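S.K.: Residue numbers for the sequence shown follow full-length UniProt numbering, so the first one is 1 and each next one is one higher. Ideal placement from N, C-alpha and C gives every residue a C-beta, glycine not left out. None of the values given here were measured: they were computed from a predicted structure. A single structure is presented below for examination.
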Amino acid sequence: MSEAETRSSSAAPGSAEAPGSSEAQSSSEAQSSPGTQNGSYVEPGEFKRDTNYITTRITADGRDGYPVEPGRYRLVAARACPWANRTLIVRRLLGLEDVLSLGLCGPTHDKYSWTFDLDPGGVDPVLGIPRLRDAYLARFPDYPRGITVPAVVDVPTGQVVTNDYAQITLDFSTEWTAYHRPGAPDLYPERLRAEIDEVADVIFRDVNNGVYRCGFAGAQDAYERAYDRLFARLDWLSERLADQRYLVGDTITEADVRLFTTLVRFDPVYHGHFKCNRQKLSEMPVLWAYARDLFQTPGFGDTIDFDQIKTHYYVVHADINPTRVVPKGPDLSGWLTPHGREALGGRPFGDGTPPPPPKPDERVPALPAPA
Numbered sequence: 001m002s003e004a005e006t007r008s009s010s011a012a013p014g015s016a017e018a019p020g021s022s023e024a025q026s027s028s029e030a031q032s033s034p035g036t037q038n039g040s041y042v043e044p045g046e047f048k049r050d051t052n053y054i055t056t057r058i059t060a061d062g063r064d065g066y067p068v069e070p071g072r073y074r075l076v077a078a079r080a081c082p083w084a085n086r087t088l089i090v091r092r093l094l095g096l097e098d099v100l101s102l103g104l105c106g107p108t109h110d111k112y113s114w115t116f117d118l119d120p121g122g123v124d125p126v127l128g129i130p131r132l133r134d135a136y137l138a139r140f141p142d143y144p145r146g147i148t149v150p151a152v153v154d155v156p157t158g159q160v161v162t163n164d165y166a167q168i169t170l171d172f173s174t175e176w177t178a179y180h181r182p183g184a185p186d187l188y189p190e191r192l193r194a195e196i197d198e199v200a201d202v203i204f205r206d207v208n209n210g211v212y213r214c215g216f217a218g219a220q221d222a223y224e225r226a227y228d229r230l231f232a233r234l235d236w237l238s239e240r241l242a243d244q245r246y247l248v249g250d251t252i253t254e255a256d257v258r259l260f261t262t263l264v265r266f267d268p269v270y271h272g273h274f275k276c277n278r279q280k281l282s283e284m285p286v287l288w289a290y291a292r293d294l295f296q297t298p299g300f301g302d303t304i305d306f307d308q309i310k311t312h313y314y315v316v317h318a319d320i321n322p323t324r325v326v327p328k329g330p331d332l333s334g335w336l337t338p339h340g341r342e343a344l345g346g347r348p349f350g351d352g353t354p355p356p357p358p359k360p361d362e363r364v365p366a367l368p369a370p371a
């Protein structure tokens, strides 16, 4: 698992102890978790992400006390969040909708928790709670860290099981296989796992987290280091993808999912809001075509709600955007224009098939057709 190398968690998998219970919450959880202690997302000097998560796993053999069971768990996500977006994509691609229900938080939150403000009465209809925080405290009454999405909640007890977003998607691929849809792709093929992990690791370090290191930097030199590192990695990715359709092998893998959720937010948010402005994604020909290819692939673009994405960043990060005015642009119709990546070959789903359309209650707003 590639992102494990970046983590500081000392809790063993399956531990019933809240991670980091002896430490105060770090503001580096800022993107996915509310309630930074000083109300600010920008950190003095260099931004450092807190990567201490609840490492309990849901597995086929139930070794951590949580066996894979249809209908037992609820995935709680927010369409605004790139880390949660990964779980929405993988759940769609593998066809887990009927065995793993979905609760969606709104794009903004208060200082305590992500909230279920999109649901009638502001209460999740399955968990019966108004705040995701309630599920965390049901298991860890003194939980000291950020209330993050995605999280998987055990419905019978109402307790959070895990918020370890990188492991969640890998476990969807490897532990939930008995419930994959017919034709589900292999997003984490065993023969390619070492390469997928290696590529995903540099993407996390320099791109997924790199945009935050730009946006939350509190000093000019820290920002410029992060900026240079981000665009050097984007150039490297452009070279890698110039002659191959996908990041690893000739099919979509976990690595593509992890890169996509940052690229799709680049022009609406990161270019301006986080000062990642050497170029827009739409000015990087290879990456722009690659991102459009994925966006137009069932399971990717049909999880994206650009209005929620923009609202989250521009409203929640008030120290970066004090007016909380949300930009009207950019024009999004370009996402539906031809990408031409089919010429590189590749088989999006390998020997599998595309997922069916989203369930009616999980559909996102359609984009305007290109002129």
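Among I58, L104 and Y41, which residue has its Cα nearest to the Cα of Q308?
M.R.: For Q308, the nearest C-alpha among the options comes from L104.
S.K.: Quick check on this structure: which residue in D331, L367 and H317 has the alpha carbon closest to the alpha carbon of K111?
M.R.: K111 has its Cα closest to that of H317, out of D331, L367 and H317.
S.K.: Assess contact between the region 190-210 and the region 240-255, defined as three or more Cβ pairs (one per stretch) separated by less than 8 Å. Is contact present?
M.R.: Yes, the region 190-210 touches the region 240-255.
S.K.: Does the distance from the C-beta atom of R131 to that of T115 stay below 9 Å?
M.R.: Yes, the Cβ-Cβ distance between R131 and T115 is below 9 Å.
S.K.: Report all residues from its chain with a CB closer than 7 Å to the CB of I168; omit the five preceding and five following residues, and keep chain order.
M.R.: Answer for I168: T87, P150, V152 and T162, listed in chain order.
S.K.: Can you name, in chain order, every residue of its own chain whose Cβ lies under 7 Å from the Cβ of L263, other than the five neighbours on each side?
M.R.: Excluding residues within five positions, the ones whose Cβ falls inside 7 Å are L281, L287 and A291.
S.K.: How close, in whole Å, do the beta carbons of H273 and G215 come, if the pair is a contact with beta carbons under 8 Å?
M.R.: Indeed, because the Cβ distance is near 6 Å, the residues count as touching under 8 Å.
S.K.: Could you tell me whether the region 339-350 touches the region 69-80, using the rule of 3 or more Cβ pairs below 8 Å?
M.R.: The region 339-350 is not in contact with the region 69-80.
S.K.: By the three-class DSSP mapping on this structure, what secondary structure does T353 have?
M.R.: Of the three classes helix, strand and coil, the one that applies to T353 here is coil, per DSSP.
S.K.: G73 lies in the beta strand (DSSP E); which residues open and close that run?
M.R.: In the sequence as displayed, the identity of residue 73 is Tyr instead of Gly. Counting along the chain, the beta strand (DSSP E) containing Y73 begins and ends at Y73 to A78.
S.K.: From which residue to which residue does the alpha helix (DSSP H) around Q308 run?
M.R.: That run of the alpha helix (DSSP H) goes F306 to V316.
S.K.: Measure how close the beta-carbons of T108 and T311 come, nearest whole angstrom, since I'm counting them as under 8 Å.
M.R.: Sure, about 6 Å apart at Cβ, within 8 Å.
S.K.: In chain order, what residues of the same chain lie with their CB nearer than 6 Å to the CB of S22, ignoring the 5 residues before and after it?
M.R.: Because S22 carries a pLDDT of 31, less than 50, the predicted location of this residue cannot be relied on, and the following value inherits that uncertainty. For S22, where only same-chain residues beyond five positions count, there are no Cβ hits under 6 Å.
S.K.: In three-state DSSP terms, what is Q25?
M.R.: Reliability fails at Q25, whose pLDDT of 32 lies under 50, so the model's placement of it is uncertain and the value that follows must be treated cautiously. In the structure shown, Q25 sits in coil (DSSP, three-state: anything other than H, G, I, E or B).
S.K.: By Cβ distance below 7 Å, which residues in the same chain neighbour L96 in space, the five residues on each side in sequence not counted?
M.R.: Correct list, in chain order: F172, W176 and Y179.
S.K.: Name the one or two DSSP bridge partners that P67 has.
M.R.: In DSSP, P67 forms a bridge with T59.
S.K.: Alpha carbon to alpha carbon, what distance is there between D64 and I203?
M.R.: Cα to Cα, the separation comes out at about 29 Å.
S.K.: Given R324, which residues of its chain have a CB within under 8 Å of its CB, disregarding the five upstream and five downstream residues?
M.R.: For R324, where only same-chain residues beyond five positions count, the Cβ hits under 8 Å are Y314, V315 and A318.
S.K.: DSSP on S101, reduced to helix/strand/coil?
M.R.: In this structure, S101 counts as strand in the three-state DSSP scheme.
S.K.: Could you tell me the boundaries of the beta strand (DSSP E) in which D154 lies?
M.R.: Looking at the DSSP string, the run of the beta strand (DSSP E) that includes D154 is A151 to D154.
S.K.: Given this structure, state the Cα-to-Cα distance separating residue 380 from D164, to the nearest angstrom.
M.R.: Shown here, the chain extends from 1 to 371; a query on residue 380 therefore has no answer.
S.K.: Per DSSP, what kind of secondary structure is W176 in: helix, strand or coil?
M.R.: The answer is coil: DSSP assigns W176 none of H, G, I, E or B.
S.K.: Got a sec? Which residues, its chain only, sit under 6 Å from D293 by beta carbon, not counting five neighbours each side?
M.R.: Result list for D293: H339 and R341, in chain order.
S.K.: By the three-class DSSP mapping on this structure, what secondary structure does T262 have?
M.R.: The answer is helix: DSSP assigns T262 an H, G or I state.
S.K.: From D331 to A366, what distance separates their C-alpha atoms?
M.R.: Cα-Cα distance, rounded: 13 Å.
S.K.: Within this structure, are the beta carbons of V123 and R139 separated by less than 9 Å?
M.R.: For V123 and R139, no; Cβs fall outside 9 Å.
S.K.: For Y66, which residues in the same chain have their Cβ closer than 6 Å to its Cβ, ignoring the five residues on either side in sequence?
M.R.: I58 and V161, listed in sequence order.
S.K.: Could you confirm whether any beta carbon from chain D is found closer than 9 Å to the beta carbon of V202?
M.R.: No chain D appears in the structure shown, which is made up of a single protein chain.
S.K.: At the level of alpha carbons, what is the spacing between P141 and P354?
M.R.: Distance between the alpha carbons of P141 and P354: 42 Å.
S.K.: Are there 16 or more other CB atoms within 10 angstroms of the CB of E254, so buried, or fewer, so exposed?
M.R.: Per the 10 Å Cβ criterion, buried.
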